[in-house]
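Following: one structure in structure tokens, then a few remarks.
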Amino acid sequence: MHAPIADFLASTASEEVTDTEEEAFLLFSQEIPTTNLGFVDSRASSLDVTIRGNEYTIHQSPTLLSSARAGGTTGAVLWKITPRFAEWISSPTNPLWTHSLLSSASVVTELGCGISALVALALAPSVQHYIATDQEYVRRVFRTNLDANVSVSSAASASGKLKGSKTRGSSRSTSKGKQPFKATTSNITFTTLDWELDQPELLKGCIESESGSHLGHGHEQGEEEDRGFDLLLSCDCIYNEALVAPFVRTCAEICRLRPAYEPSSEKTSQARRQPTVCIVAQQQRSPEVFETWLRETLREFRIWRLSDKVLGDGLKGGTGYLVHLLLARGKS
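Each residue of the sequence shown is one higher than the one before, counting from 29 in the numbering used here.
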């Protein structure tokens, strides 16, 4: 049944978005704090970041950021929204947790994770498995950051268990001999994901190739294999109109690996699996790019702008950041 989603939406006063121009005008007519492009410090080779009392050392690649690499380099450094988002999504008081949309059994995937690994480091200790995806150039520094913060992740994992337990990935990367690595917390996997070429239904296969487990298989005889995810995350991937269509298409393909959200049938639905909840966080930059994203997204998803009550001080309205919850529409 889909009751947890309906309860979450009803109790958090999150507002459904139905009109692109109205939403863009409402959000961009407000005064937006100046955050430049949004880097924390693009010249530093490492940064110290605190998330929920845990200290992380995050390595960056300023040289790569300033290179002329084809395909972009924005993931080479830490962006200001990322620590705020990591703090919010991993907090046990986050309504996603208190309404059981996230739990210790959840399987999560992230698009455009960047080099910091910060969201994975903060959230993975509290969930079953976390798949981080991005372009291949991110892999080395991402792994460096996992290794550098192993003790933090281990401590967070122990604490979490006590409390309660621009590109799309496939086996293509493994066919070139680049196996997903077993990260510092054993439930984090990095894999490449080409938004225009790869097949999202193969994402969970990288977990099996790494650990030999069968995470996506049905638990009961005759139950269909679950290739989908409980939660899909994206943090500051929307800054270029050319990326919007493949990004939205990838989000939709991943979310449709699970049932669509059908509120009219939630009382009687016998579906065992919840729809995938997609959370998209972004910095307010260009209203034109935002409108393009919103218009494209509304074709595939129902969208709710999360309320200040849900987001707290770090991400609420007026901070210069936006967070929307997406639920895939049924195929027409």
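Positions of the beta carbon are idealized from the N, C-alpha and C atoms, including for glycine. Keep in mind it's a predicted model, so treat the numbers as computed, not measured.
| task | Using the Cα positions of V105 and F170, report the straight-line distance between them to the nearest angstrom. | result | Here residue 105 refers to the residue found at position 77 of the sequence shown. Here residue 170 refers to the residue found at position 142 of the sequence shown. V105 and F170: Cα-Cα distance of roughly 11 Å.
| Where does the unbroken beta strand (DSSP E) through E44 begin, and where does it stop? | On the sequence shown, position 16 is the one that residue 44 refers to. In the DSSP assignment, E44 falls within the unbroken beta strand (DSSP E) covering E43 to V45.
| field | Residues of its chain near A41, where Cβ-Cβ distance is below 7 Å and the 5 sequence neighbours each way are ignored | value | As a first step, residue 41 must be located in the sequence shown, where it is residue number 13. Excluding sequence neighbours, A41 sits near S335 and K337.
| Euclidean distance between Cα positions of A176 and R112 | For the purposes of this step, residue 176 is taken as residue 148 along the sequence shown, with counting starting at 1. For the purposes of this step, residue 112 is taken as residue 84 along the sequence shown, with counting starting at 1. Cα-Cα distance, rounded: 20 Å.
| Spatial distance of L174 from G340 (CA atoms) | Within the sequence shown, residue 174 is the residue found at index 146, counting from 1. Within the sequence shown, residue 340 is the residue found at index 312, counting from 1. Roughly 27 Å between the two C-alpha positions.
| query | Taking the alpha-carbon positions, what's the L364 to F36 distance? | reply | The requested residue 364 is not part of the displayed model; the chain covers only 29 to 360.
| request: Look at the alpha carbon of S131 and the alpha carbon of P32, and state the distance between them as a whole number of angstroms. | output: Reading the sequence shown from its first residue, position 103 is the one you call residue 131. Reading the sequence shown from its first residue, position 4 is the one you call residue 32. Taking the straight line joining both Cα atoms gives about 12 Å.
| said: At 4 residues or longer, what runs of the alpha helix (DSSP H) sit wholly inside the stretch 65 to 151? | reply: 90 to 93, 109 to 118, 123 to 126 and 146 to 151
| To which residues of the same chain is T296 closer than 6 Å at the C-beta, ignoring the five residues directly before and after it? | As a position in the sequence shown, residue 296 is number 268, starting the count at 1. Any reading at T296 is ruled out, since the residue's pLDDT is 42, under 50, leaving its predicted position unreliable.
| field | Beta-ladder partner(s) of Y158, from DSSP | value | Counting from one through the sequence shown, the residue named residue 158 turns up at place 130. Paired residues: V136 and I216.
| message | Can you tell me whether S262 is helix, strand or coil according to DSSP? | response | The count along the sequence shown starts at 1 and reaches residue 262 at position 234. S262 falls in the strand class under three-state DSSP.
| said: Out of G256, L322, Q312 and S73, which one is the CA nearest neighbour of V272? | reply: The sequence position of residue 272 within the sequence shown is 244, counting from 1. The candidate whose alpha carbon is nearest that of V272 is L322.
| query | Which value, in whole angstroms, describes the spacing of the CA atoms of E59 and L350? | reply | As a working note, residue 59 is residue 31 in the sequence shown. As a working note, residue 350 is residue 322 in the sequence shown. Roughly 13 Å separates the two Cα atoms.
| task | In the DSSP assignment, find the unbroken alpha helix (DSSP H) run with L37 in it and report its ends. | result | Here residue 37 corresponds to residue number 9 of the sequence shown, with the count starting at 1. Per DSSP, L37 belongs to the alpha helix (DSSP H) from A31 to S39.
| field | Sheet register partners of Y267 (DSSP bridge) | value | Along the sequence shown, read from residue 1 onward, the residue named residue 267 stands at position 239. According to DSSP, Y267 bridges with nothing at all.
| Reduced DSSP secondary structure (H/G/I, E/B, other) of L339 | Here residue 339 corresponds to residue number 311 of the sequence shown, with the count starting at 1. The answer is helix: DSSP assigns L339 an H, G or I state.
| query | Taking just the CA atoms, how far does L259 sit from L151? | reply | As a working note, residue 151 is residue 123 in the sequence shown. As a working note, residue 259 is residue 231 in the sequence shown. One C-alpha to the other measures close to 11 Å.
| By the 10 Å Cβ neighbour count, where 16 or more other Cβ atoms means buried, how is L354 classified, buried or exposed? | If you number the sequence shown from 1, residue 354 lands on position 326. Its Cβ being crowded by 16 or more others within 10 Å, L354 is buried.
| task | Just mark D76 as buried or exposed, buried being the case when its beta carbon has 16 or more other beta carbons within 10 Å. | result | Sequence index remark: in the sequence shown, residue 76 carries index 48 (1-based). The residue in question, D76, is exposed, as its Cβ has fewer than 16 Cβ neighbours within 10 Å.
| field | Cα-Cα separation, G342 to R167 | value | Along the sequence shown, one-based indexing puts residue 342 at 314. Along the sequence shown, one-based indexing puts residue 167 at 139. Spanning the two alpha carbons is a distance of roughly 28 Å.
| said: According to DSSP, simplified to helix, strand and coil, what is Y165? | reply: By one-based count along the sequence shown, residue 165 stands at place 137. Three-state result, Y165: helix.
| Rounded to the nearest angstrom, how far is the Cβ of V276 from that of T325, given a contact under 8 Å? | For the purposes of this step, residue 276 is taken as the residue at position 248 of the sequence shown. For the purposes of this step, residue 325 is taken as the residue at position 297 of the sequence shown. Yes, they are in contact, since the Cβ atoms of V276 and T325 sit about 5 Å apart, within 8 Å.
| query | In three-state DSSP terms, what is I60? | reply | Mapped onto the sequence shown, residue 60 falls at position 32. Three-state DSSP puts I60 in coil, outside helix and strand.
| How many Å lie between T217 and S118 at the Cα? | Along the sequence shown, read from residue 1 onward, the residue named residue 217 stands at position 189. Along the sequence shown, read from residue 1 onward, the residue named residue 118 stands at position 90. When rounded, the distance between both Cα atoms is 18 Å.
| said: Here's the rule I'm using: 16 or more other beta-carbon atoms within 10 Å means buried, otherwise exposed. How should P120 be labelled? | reply: In the sequence shown, the residue the question calls residue 120 occupies position 92. By the 10 Å Cβ count, P120 comes out exposed.
| said: According to DSSP, simplified to helix, strand and coil, what is W321? | reply: Numbered from its first residue, the sequence shown carries residue 321 at position 293. Correct three-state label for W321: helix.
| message | Among the candidates S214, W116 and R301, whose CA atom is the shortest distance from the CA of Q156? | response | The residue given as residue 156 occupies position 128 in the sequence shown. Minimum Cα distance to Q156 is reached at S214.
| said: For A160 and L139, what's the separation of their Cα atoms in angstroms? | reply: Locating residue 160 in the sequence shown gives position 132, counting from the first residue. Locating residue 139 in the sequence shown gives position 111, counting from the first residue. Linking A160 to L139 through their CA atoms gives a straight-line distance of about 7 Å.
| query | Which value, in whole angstroms, describes the spacing of the CA atoms of G81 and T347? | reply | Residue mapping note: residue 81 aligns to position 53 of the sequence shown, counting from 1. Residue mapping note: residue 347 aligns to position 319 of the sequence shown, counting from 1. Computed Cα separation, rounded: 22 Å.
| task | Note the first and the last residue of the continuous beta strand (DSSP E) segment covering Y349. | result | Numbered from 1 along the sequence shown, position 321 holds the residue referred to as residue 349. From DSSP, the beta strand (DSSP E) with Y349 extends over Y349 to A356.
| Since E288 is in the beta strand (DSSP E), which residue starts that stretch and which ends it? | Sequence index remark: in the sequence shown, residue 288 carries index 260 (1-based). This sequence places Ala at residue 288; Glu is not what is there. Judged by DSSP secondary structure, A288 falls outside any beta strand (DSSP E); it is assigned neither H nor E.
| message | Rounded to whole angstroms, what is the Cα-Cα separation between R301 and P287? | response | Residue 301 sits at position 273 when you count from the first residue of the sequence shown. Residue 287 sits at position 259 when you count from the first residue of the sequence shown. For R301 and P287, the distance between alpha carbons rounds to 7 Å.
| Outcome for G358 when other beta-carbon atoms lying within 10 angstroms are tallied against a minimum of 16 | Walking along the sequence shown from the start, residue 358 turns up at place 330. G358 comes out exposed.
| task | Just tell me which of E269, V178 and A280 has its CA closest to the CA of L261. | result | Translated into the one-based positions of the sequence shown, residue 261 becomes position 233. L261 has its Cα closest to that of A280, out of E269, V178 and A280.
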